[in-house]
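Just below is one structure, and these are the notes that go with it.
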Amino acid sequence: MTDILQIAIDLIKSRTVFIGTLDDVFSIMKIVNSEGGSLLHEGLTLPIELSICNLVTCEESLVISDTKCDVRTKHLQAIYDADVGSYLGAPIVLENGKLFGTLCVVDPNPQTFTEQEVSSIKRLANVLGTIISQQQQVIIPEFEEKIQHLDKLALVGQLAAGLAHEIRNPMQSVKGFIQFLFEEHNQTSSHIKDLVLTELNRMNELISDFLLVTQPTAPKKTLTSITDVMQATIGVLQSEANLHNISICLETDDYVPKLWLDASQIKQVFLNIIKNAIEAIGHNGKIAVYVQNKEDTVCLFIKDSGPGIPLSIINKIGDPFFSTKDEGVGLGLSICQSIIKEHQGFMSIANDYEGTVVSIQLPATS
Numbered sequence: 001m002t003d004i005l006q007i008a009i010d011l012i013k014s015r016t017v018f019i020g021t022l023d024d025v026f027s028i029m030k031i032v033n034s035e036g037g038s039l040l041h042e043g044l045t046l047p048i049e050l051s052i053c054n055l056v057t058c059e060e061s062l063v064i065s066d067t068k069c070d071v072r073t074k075h076l077q078a079i080y081d082a083d084v085g086s087y088l089g090a091p092i093v094l095e096n097g098k099l100f101g102t103l104c105v106v107d108p109n110p111q112t113f114t115e116q117e118v119s120s121i122k123r124l125a126n127v128l129g130t131i132i133s134q135q136q137q138v139i140i141p142e143f144e145e146k147i148q149h150l151d152k153l154a155l156v157g158q159l160a161a162g163l164a165h166e167i168r169n170p171m172q173s174v175k176g177f178i179q180f181l182f183e184e185h186n187q188t189s190s191h192i193k194d195l196v197l198t199e200l201n202r203m204n205e206l207i208s209d210f211l212l213v214t215q216p217t218a219p220k221k222t223l224t225s226i227t228d229v230m231q232a233t234i235g236v237l238q239s240e241a242n243l244h245n246i247s248i249c250l251e252t253d254d255y256v257p258k259l260w261l262d263a264s265q266i267k268q269v270f271l272n273i274i275k276n277a278i279e280a281i282g283h284n285g286k287i288a289v290y291v292q293n294k295e296d297t298v299c300l301f302i303k304d305s306g307p308g309i310p311l312s313i314i315n316k317i318g319d320p321f322f323s324t325k326d327e328g329v330g331l332g333l334s335i336c337q338s339i340i341k342e343h344q345g346f347m348s349i350a351n352d353y354e355g356t357v358v359s360i361q362l363p364a365t366s
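Residue numbers (UniProt numbering): 1 to 366.
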């Protein structure tokens with residue numbers, strides 16, 4: 001689109017060319033504004049009745065050599081505010097016949113447009129109409145499908161979170177009654193009590209994890225060294241890694257700024273990811289952790305030497321309740337993603353040439 005606008009400037013020698021969209025309001029979608037051009041900018045919006053583009057129709061272009069003398073525009077204060085002295089607008093009509101907007105050529109000075117210039121702008125507007133129609137045919141169905149999918153997920157999340165709360169309340173009551181009933185019974189009853197309470201605690205943990213995914217707790221942020229958090233995490237898991245003959249190495253840039261983080265939540269993320277890496281490797285391997293400072297972002301890469309993720313399931317990794325482990329619930333990575341999102345960050349998982357790499361990006365502080 002920018003190329004077409006530049007062609008229009010070269011053809012007519014006016015200093016401003018833009019694409020205006022017409023819906024409930026007029027707005028400038030794309031603009032090329034050379035030095036000394038009119039006071040217009042991309043994203044500018046006006047009530048439709050105050051816009052000169054509102055006078056363009058599907059059938060006819062609009063040509064005004066001097067906006068301050070023309071009866072159609074001299075009452076439009078917005079024109080004077082934007083320093084528009086002359087105007088040529090051609091309709092951008094989509095293949096379905098709908099008026100999308102206008103291709104407009106304006107200049108601070110009055111200017112007489114030739115028939116050839118008007119014809120050239122019409123042809124360029126027709127080209128834009130074809131391009132936009134083709135883009136809409138591809139993009140609109142994709143957006144509609146994504147919106148429907150997100151609506152369904154939001155509804156399911158709300159229902160599930162409500163259900164989890166409703167399950168937890170009677171479960172806590174049942175737990176209390178069981179403890180009371182088994183208080184003075186024999187050793188066999190005590191064993192049964194322990195089993196029942198263990199399973200109830202396991203259910204409670206599962207509900208807590210599920211609620212953390214659907215309704216994540218707001219992080220309590222403090223200015224924290226991400227490197228210190230990672231070192232502490234590695235310290236916790238080092239003995240487990242040694243049992244499996246897995247080495248964990250950490251490499252950091254010379255300078256990594258402190259970040260506004262909830263240290264306990266971020267540590268939970270690191271614990272989950274590195275434990276997954278240990279389980280994926282099994283025995284005899286390595287985990288490499290890199291912490292890098294990149295302008296306004298701190299990036300972490302956790303790479304393992306495991307077998308990688310099968311391509312058939314890689315797109316499902318991180319989905320709630322999807323797990324490749326026999327005893328896995330499938331909420332660990334979902335919780336990690338929720339925590340990183342609450343920290344305005346981004347997390348991705350992909351196969352590397354020698355295993356799996358988890359990438360995390362977190363915004364740096366000023």
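Idealized CB from N, CA, C, for every residue including glycine.
Please name the residue or residues paired with residue i in a DSSP beta bridge.
{"i": "residue 369", "result": "Because the chain here runs from 1 to 366, residue 369 falls outside it and cannot be looked at."}
{"i": "L76", "result": "L76 pairs with nothing; no bridge assigned."}
{"i": "T102", "result": "G20, P91"}
{"i": "S86", "result": "D107"}
{"i": "T222", "result": "L261"}
{"i": "T297", "result": "K294, P363"}
Determine the extent of the alpha helix (DSSP H) in which residue i is found, giving its start and end residues.
{"i": "N242", "result": "226-243"}
{"i": "L62", "result": "Looking at the DSSP string, L62 is not in any alpha helix (DSSP H); the run it does join, the beta strand (DSSP E), is 62-64."}
{"i": "S338", "result": "332-342"}
Helix, strand or coil for residue i? Go by DSSP, reduced to three states.
{"i": "L94", "result": "coil"}
{"i": "C69", "result": "coil"}
{"i": "I248", "result": "strand"}
{"i": "G176", "result": "helix"}
{"i": "D253", "result": "coil"}
{"i": "I309", "result": "coil"}
{"i": "T198", "result": "helix"}
{"i": "C53", "result": "helix"}
{"i": "E59", "result": "coil"}
{"i": "N276", "result": "helix"}
For the beta strand (DSSP E) that contains residue i, what are its first and last residues?
{"i": "D352", "result": "346-352"}
Looking at the ligand GTP, does it come within less than 6 Å of residue i, judged from the CB to the closest heavy atom?
{"i": "G285", "result": "This structure lacks the ligand GTP, and indeed carries no ligand of any kind."}
Query raised in the report: Going along the chain, which unbroken runs of the alpha helix (DSSP H) with 4 or more residues stay wholly within the stretch 1-49?
Result: 2-12
Report task. Go through the stretch 109-137 residue by residue and report every complete run of the beta strand (DSSP E) that reaches 3 residues or more, in order. Result -> none
Report task. May I ask you to verify whether the stretch 231-238 touches the stretch 268-283, counting CB pairs closer than 8 Å and requiring at least 3? Result -> yes
Requested in this report: Would you check if the stretch 32-50 and the stretch 10-18 touch, i.e. whether three or more CB-CB distances between them fall below 8 Å?
Outcome: yes
Report task. Specify whether the stretch 341-353 and the stretch 275-290 touch according to this definition: at least 3 beta carbon pairs, one from each stretch, less than 8 Å apart. Result -> no
Query raised in the report: Are three or more beta carbon pairs between the stretch 50-60 and the stretch 90-109 nearer than 8 Å?
Result: yes
Query raised in the report: Given 8 Å as the limit, is there contact between the stretch 350-363 and the stretch 285-302, that is, 3 or more CB pairs closer than that?
Result: yes
**Report entry** Cβ pair count under 8 Å reaching 3, the stretch 86-102 against the stretch 112-132
**Finding:** yes
Query raised in the report: Hey, is the stretch 4-16 in contact with the stretch 111-123, meaning 3+ C-beta pairs nearer than 8 Å?
Result: yes
Query raised in the report: Should the stretch 249-264 be regarded as contacting the stretch 284-292, the criterion being three or more beta carbon pairs within less than 8 Å?
Result: yes
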